[in-house]
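J.: Using this note's numbering, read the sequence shown as starting at -6 and increasing by one per residue. Each residue gets a CB set at the ideal place from its N, CA and C atoms; glycine is no exception. After the structure tokens below, expect a handful of questions from me.
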Amino acid sequence: MGLFGQRPGDSDATKTTPPQDVQKKEQASPFADRPQDDTLKAFKIMAYETLMERMDLVAANQMTPDQLRHEVERFIADLSAEKKLQINAREQRSLADSLVDDMIGLGPIEEVIHDDSITDILINGPYDVYVERKGKLARTPVRFHDESHLQQIARRIAGRVGRRVDESSPMVDARLADGSRVNIIMPPLALDGTSISIRKFSRTDITLDKMVTNGTLSQPMAKLLKIIAASRLNVLISGGTGSGKTTLLNALSQLINPAERIITIEDSAELRLQQPHVVRLESRPPNIEGEGEITIRELVRNALRMRPDRIIVGEVRGEETIDMLQAMNTGHDGSMSTIHANRAREVLTRLENMMMMSGFEMPPRVVRAQIVGAINLIVHTERMRDGVRRVTEITEITGMEEDMIKLHTLFKFEFQEEVGSEETSEIHGVFKYSGLRPDFSSRAMSYGFEKELKEILKEGK
């Protein structure tokens, strides 16, 4: 019998012929009085529910997507005939694709996932889906059948990376097959239905040169960042949510020597390093009994025993900060990470606070000395009102003066004006060089970048 125990319309020897008056009642389609669009929507929901009842899950799991789609098309043809609904071949294929997406894919968001112009997908319950294009949010007509349908898709996303999400564990970070980052939060924490936030994974590699073309930074800034990455300086990329921190980290990582051994540590793996010698580590949440959790801090400690040339932590946001700084201080030059902060100076305060979370009692001066010894530069990013993500500061940590950390801002974006309406606004400004000679100049020259550094100093003036 294939995929279904019994397809619509199959004969049944035990079936009795209904009385003639009942036959007359059944001749009218239950969709007869609906507009065509509403008819197809209602039919799809009924087809999905019927499919779930009659489908042989074991057989379905053994099929390829194309085989499954073919079987579902046959099912739709039979069911539409049973319900006396006239749908053409194109509508049958569209319904089959949609149902297969519901069964093994991401349901109604499958189409927007493959739209390269979309950077974020934000689902606020089953009937409220937004997408971001070019930094601007817009509501979409995408809908799930109901909350149960949305939760099924959420559990599928989490299950594919070995994680779970349900009432007892209603929050999870996960990723899609293409690397897109996903956060899921379900009721009872999400009051208006399951919320899913997806940060799309770019299908094209973003380089520093492309960022110059996009207006993210200037050519002299890109050249300086190339020198910074190649000279094995420790870099912390700061910024708010969605400001492009991870994108910039991926771009900087492309300048790492292919001969180096790199270890990446993340909550949900999304870094894309092109070097041949990369070991990717991912933290693990606790199981249903509350056991088996592996934190970022434990992974950082373990990474130190794995003979890394560089350690790249996707984001520091807690007690793992002290271990990361100690790694940077003990010979693992060229390490990189990201941190949430509103400006470069605020990064230092956040680092101090997070180091205090590690459980070590240290005087503030000792904490600041640890930061100064570990981090060479802070690169700050912002997503501005016009939707463009820009590198607004490149700041060097140069030492301490009494109890305060000294910062030298090398480049800074200076706002000039905003033109256009709210929907089409454009921010105009300049990436201005401070004129200061970088404190790391001698190190950059030891890596053979004397000529390039002189060009930057000349271009930036």
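Where do the ends of the beta strand (DSSP E) carrying Arg126 lie?
T.: Val122 to Arg126 is the span of the beta strand (DSSP E), which, as asked, contains Arg126.
J.: Taking the alpha-carbon positions, what's the Lys451 to Val309 distance?
T.: Using only the alpha carbons, I get a separation of about 35 Å.
J.: With a threshold of 16 other CB atoms inside 10 Å of the CB of Gly327, please say whether the residue is buried or exposed.
T.: Buried: at least 16 other Cβ atoms inside 10 Å.
J.: Is the beta carbon of Val384 closer than 8 Å to that of Leu210?
T.: In contact: Leu210 and Val384 (Cβ atoms closer than 8 Å).
J.: Just how far apart, CA to CA, sit Met39 and Asp159?
T.: Cα to Cα, Met39 sits roughly 25 Å from Asp159.
J.: Arg458 lies in the alpha helix (DSSP H); which residues open and close that run?
T.: Limits of the chain in this structure are -6 at one end and 454 at the other, which puts residue 458 out of reach.
J.: Once you ignore the five residues that flank Met317 on each side, which residues in its own chain have a CB closer than 7 Å to its CB?
T.: For Met317, where only same-chain residues beyond five positions count, the Cβ hits under 7 Å are Val293, Val306, Val309 and Ser330.
J.: Just to confirm the assignment: which complete beta strand (DSSP E) runs, minimum length 3, are found wholly within the region 162 to 242?
T.: Here the runs fully enclosed are 164 to 168, 174 to 178, 188 to 192 and 228 to 232.
J.: If the criterion is Cβ atoms closer than 8 Å, does the pair Met397 and Ala367 meet it?
T.: No, the Cβ-Cβ distance between Met397 and Ala367 is not below 8 Å.
J.: How is Phe424 classed by DSSP in three states: helix, strand or coil?
T.: It is a strand residue.
J.: Assuming Ala222 and Leu248 form a contact by the criterion Cβ under 8 Å, report the distance between their Cβ atoms to the nearest whole angstrom.
T.: That belief holds up - the Cβ atoms of Ala222 and Leu248 are roughly 4 Å apart, short of 8 Å.
J.: Taking a contact to mean a Cβ-Cβ separation below 8 Å, would you say Gly186 touches Gly118 in this structure?
T.: Yes, they are a contact pair.
J.: Buried or exposed for His142, going by 16 or more other Cβ atoms inside 10 Å?
T.: Flag for His142 reads buried.
J.: State the beta-bridge partners of Val412 as determined by DSSP.
T.: According to DSSP, which records beta bridges pairwise, Val412 is partnered with Glu419.
J.: Mapping the DSSP letters down to three states, classify Met438 as helix, strand or coil.
T.: Met438 falls in the helix class under three-state DSSP.
J.: Could you check whether the region 417 to 433 touches the region 378 to 392, counting it as contact only if at least three pairs of C-beta atoms, one from each stretch, sit closer than 8 Å?
T.: The region 417 to 433, when compared against the region 378 to 392, does touch it at the 8 Å Cβ threshold.
J.: Is Lys203 buried or exposed, if buried means 16 or more other CB atoms sit within 10 Å of its CB?
T.: Classification for Lys203: exposed.
J.: For the alpha helix (DSSP H) containing Val65, list its first residue and its last residue.
T.: Counting along the chain, the alpha helix (DSSP H) containing Val65 begins and ends at Pro58 to Glu75.
J.: Hey, would you say the C-beta of Arg300 is under 7 Å away from at least one heavy atom of the ligand ATP?
T.: Of ligands this structure carries none, so the ligand ATP is not represented either.
J.: Where do the N-terminal and C-terminal ends of the alpha helix (DSSP H) with Ala362 fall, by residue?
T.: That run of the alpha helix (DSSP H) goes Pro357 to Ala367.
J.: Put Ile139 into one of helix, strand or coil per three-state DSSP.
T.: As written in the sequence, residue 139 is Asp, which differs from the Ile given in the question. Note: Asp139 maps to coil in three-state DSSP.
J.: With a CB to CB cut of under 8 Å and the five nearest residues on each side skipped, what residues in its chain are close to Ile111?
T.: Excluding residues within five positions, the ones whose Cβ falls inside 8 Å are Val105, Val124, Glu125, Arg126 and Lys193.
J.: Taking Cβ to Cβ, would you say Thr57 is nearer than 8 Å to Ile230?
T.: No.
J.: Quick one: Cα of Tyr440 to Cα of Ser224, how far?
T.: Approximately 6 Å between the Cα atoms of the pair.
J.: Does the region 345 to 355 touch the region 396 to 413, meaning 3 or more C-beta pairs lie closer than 8 Å?
T.: These segments do not touch.
J.: For Gly392, which three-state DSSP category applies?
T.: Of the three classes helix, strand and coil, the one that applies to Gly392 here is strand, per DSSP.
J.: Which residues bound the beta strand (DSSP E) around Thr461?
T.: Here the chain comprises residues numbered -6 to 454, so residue 461 is not present and cannot be evaluated.
J.: Beta-carbon separation of Ser91 and Ile80 under 8 Å?
T.: Not closer than 8 Å, so no.
J.: Helix, strand or coil for Phe36 per DSSP?
T.: Of the three classes helix, strand and coil, the one that applies to Phe36 here is helix, per DSSP.
J.: From what residue to what residue does the alpha helix (DSSP H) around Thr314 run?
T.: Unbroken alpha helix (DSSP H) run through Thr314: Glu313 to Asn322.
J.: Can you tell me whether DSSP reads Ser330 as helix, strand or coil?
T.: Here Ser330 sits in strand by DSSP.
J.: Between which two residues does the alpha helix (DSSP H) containing Leu292 stretch?
T.: Unbroken alpha helix (DSSP H) run through Leu292: Ile289 to Ala296.
J.: Would Asp95 be called buried (16 or more neighbouring beta carbons within 10 Å of its own) or exposed?
T.: It is buried - the Cβ of Asp95 has at least 16 other Cβ atoms within 10 Å.
J.: Please list, in chain order, all residues of the same chain as Arg196 whose beta carbon is under 7 Å from its beta carbon, the five residues on each side excluded.
T.: For Arg196, where only same-chain residues beyond five positions count, the Cβ hits under 7 Å are Asp109.
J.: Measure from the alpha carbon of Arg382 to the alpha carbon of each residue in Gly208, His138 and Leu266, then state which is nearest.
T.: Among Gly208, His138 and Leu266, the Cα nearest to that of Arg382 is on Gly208.
J.: So the beta strand (DSSP E) Ile111 belongs to, where does it begin and stop?
T.: Counting along the chain, the beta strand (DSSP E) containing Ile111 begins and ends at Ile111 to Asn117.
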